[in-house]
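If you read the sequence shown in the UniProt record's numbering, its first letter stands for residue 1, the second for the next number, and so on.
For glycine and all other residues, C-beta sits at the position ideal for the given N, C-alpha and C.
Every value quoted in this text rests on a predicted model; they were computed, and no experiment measured them.
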Amino acid sequence: MESKQITLETYKFIANWIKNSKTFIITAGAGMGVDSGLPDFRGPQGFWTNYQSFRNKFRFEECANPLFKEQHPNYFWGFYGHRLQLYREVKPHKGFQILLDFINQKQIQQHFVLTSNVDGHFQKAGFNPNNIYEFHGSINHFQCNNCYEIYPADGHQITYDDSFKAQNPLPTCQLCQSDKVRPNILMFNDYDYISDRVDEQSQNFEKFRKNLYKNNNKKDLITIMEFGAGKFVSSTRNFSEELFLDEDLDNILFVRVNPRDYQNPYRWKDKKLENQGKNFIGINEGSLSALTKIQDQINKI
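Below, the structure written as structure tokens:
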């Protein structure tokens, strides 16, 4: 099911499914943070709207690249310094709390969050860090390519001017004082990313997944909710779809919430998903709006 006008009955169906689910999986892309006031950098114009001084000069793919640090170190740190400060200051929107309420229902036996977002807002909202897989890393942690350590970025305060050019001195490693320090984020064309922290999160997710296979009763309901995952960086969408199409899992409701890219992929058209108890609903709304409507229906059950 996918529609530009989701009916009240559809929201009731989603609410009832969640209310009776034993497993809840959340996947989130950049659009999840838009209702908190965070940019999603959708296309060059979207990026330049937030970084006016970079217009026709630098694209997002250039800034989010280790080579940018070598070529334009002050702009690199200005870009990431601004993002670090922004993510620290902005509070997660109410939708995060609604999701927490969903997973804290007594019938939910297990849950997990998979996100491409590097803002740390799921942890900030109160989600269990052991149940979060940030597969692109976290801006709240820095890595050093001299001592090869990862550490919290709390001690770093980066100042920058109106053109997003960082002021000297630029950050150095708090452990070995090397200038080979950078955010522990997977960037474009990145061969220097230290994945130790994310590898541990990945292992936690694989344990969750194996446990899901082991204890999956064909009658137990599974909910997958995806928020703000676009097609440009499709990692989140790929995770959602892989889980949904897993032949070893039945009775799944996959809800894709996205104001634009809410459709199901064309390759699903020939699959008889309903015969496997698999249901897809695409909602073309923002995360907070959709979650509020679903919560309203759950409260009436």
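Report task. Assess, as a yes-or-no matter, whether the segment 139 to 147 is touched by the segment 175 to 195 under the definition of 3 or more beta carbon pairs within less than 8 Å. Result -> yes
Requested in this report: Using a threshold of 8 Å, state whether the C-beta atoms of Leu-291 and Ile-98 are closer than that.
Outcome: yes
Query raised in the report: How close, in whole Å, do the beta carbons of Gln-297 and Gly-282 come, if the pair is a contact with beta carbons under 8 Å?
Result: No, Gln-297 and Gly-282 are not in contact; Cβ-Cβ is about 18 Å, not under 8 Å.
Query raised in the report: Hey, Tyr-133 and Gln-201: beta-carbon distance below 8 Å or not?
Result: The answer is yes: Cβ separation under 8 Å.
Query raised in the report: Helix or strand or just coil, what does DSSP make of Ser-53?
Result: Reduced to three states, the DSSP call for Ser-53 is helix.
Query raised in the report: Taking just the CA atoms, how far does Leu-221 sit from Phe-68?
Result: 46 Å
Query - Per-residue DSSP class, three states only, for Met-1 - result: Confidence is the limiting factor: at Met-1 the pLDDT is only 49, short of 50, which leaves the residue's position unreliable, though a coordinate-based value still follows. The answer is coil: DSSP assigns Met-1 none of H, G, I, E or B.
Report task. Give me the Cα-Cα distance between Ser-178 and Thr-172, rounded to the nearest whole angstrom. Result -> 5 Å
Query raised in the report: At what residue ranges does the segment 46 to 93 contain a whole run of the alpha helix (DSSP H), taking only runs of 4 or more?
Result: 60 to 63, 66 to 71, 73 to 89
Query raised in the report: Relative to the C-alpha of Thr-115, which residue among Gln-157, Ala-28, Lys-12 is closest?
Result: Ala-28
Query - Reference Gly-155; option with closest CA among Leu-84, Asp-196, Ile-294 - result: Leu-84
Requested in this report: Write down the C-beta distance between Asp-119 and Leu-38 rounded to the nearest angstrom, noting that I regard them as a contact closer than 8 Å.
Outcome: 7 Å
Query raised in the report: Does the segment 231 to 238 come close enough to the segment 205 to 214 that 3 or more CB-CB pairs lie under 8 Å?
Result: The segment 205 to 214 vs the segment 231 to 238: no contact.
Query raised in the report: Thinking C-beta only, is Ile-14 closer than 8 Å to Ile-252?
Result: no
Requested in this report: Throw me the rounded Cβ distance for the Val-198 and Gly-137 pair, which I believe falls under 8 Å.
Outcome: About 6 Å; that satisfies the 8 Å criterion.
Query - C-alpha distance - Ile-150 paired with Tyr-193, whole-angstrom precision - result: 10 Å
Report task. For the beta strand (DSSP E) containing Val-181, list its first residue and its last residue. Result -> 181 to 185
Query raised in the report: Relative to the alpha-carbon of Arg-61, which residue among Phe-41, Phe-244, Gln-105 has its alpha-carbon at the smallest distance?
Result: Contrary to the premise, residue 61 reads as Glu rather than Arg in this sequence. Closest option to Glu-61, Cα to Cα, is Phe-41.
Query - Selection from Pro-44, Asp-261, Phe-254, Tyr-160 that minimises the alpha carbon distance to Thr-10 - result: Phe-254
Query raised in the report: Roughly how many angstroms lie between the CA atoms of Asn-65 and Lys-94, to the nearest whole one?
Result: Their backbone Cα atoms lie some 32 Å apart in a straight line.
**Report entry** Through-space distance from Gly-31 to Asn-168, alpha-carbon basis
**Finding:** 33 Å
Query raised in the report: In or out: Ile-224 buried (at least 16 other Cβ within 10 Å) or exposed?
Result: Answer is buried; the Cβ neighbour count reaches 16.
Query - Phe-122 in three-state terms, based on DSSP - result: helix
Requested in this report: Take the Cβ of Glu-242 as the centre, count every other Cβ of all protein chains shown within 10 Å, and call the residue buried at 16 or more, exposed below.
Outcome: exposed
Report task. In angstroms with no decimal places, state the Cα-to-Cα distance between Glu-2 and Phe-280. Result -> Confidence at Glu-2 is low in this model, with a pLDDT of 49, below 50, so the placement of that residue should be treated as unreliable; the coordinate-derived value is given next. The alpha-carbon of Glu-2 is positioned some 8 Å away from that of Phe-280.
Query raised in the report: What number of angstroms, rounded off, separates the C-alpha of Gly-126 from the C-alpha of Asn-217?
Result: 29 Å
Query - Alpha-carbon spacing of Gln-203 relative to Ile-158, whole angstroms - result: Put simply, the backbone Cα of Gln-203 is about 33 Å away from that of Ile-158.
Requested in this report: Return the bridge partner residues of Pro-152 from the DSSP annotation.
Outcome: His-141
Query raised in the report: Got a sec? Which residues, its chain only, sit under 8 Å from Gly-46 by beta carbon, not counting five neighbours each side?
Result: A distance below 8 Å between beta-carbons, with the five flanking residues on each side excluded, links Gly-46 to the following residues of its chain, in chain order: Pro-39, Asp-40.
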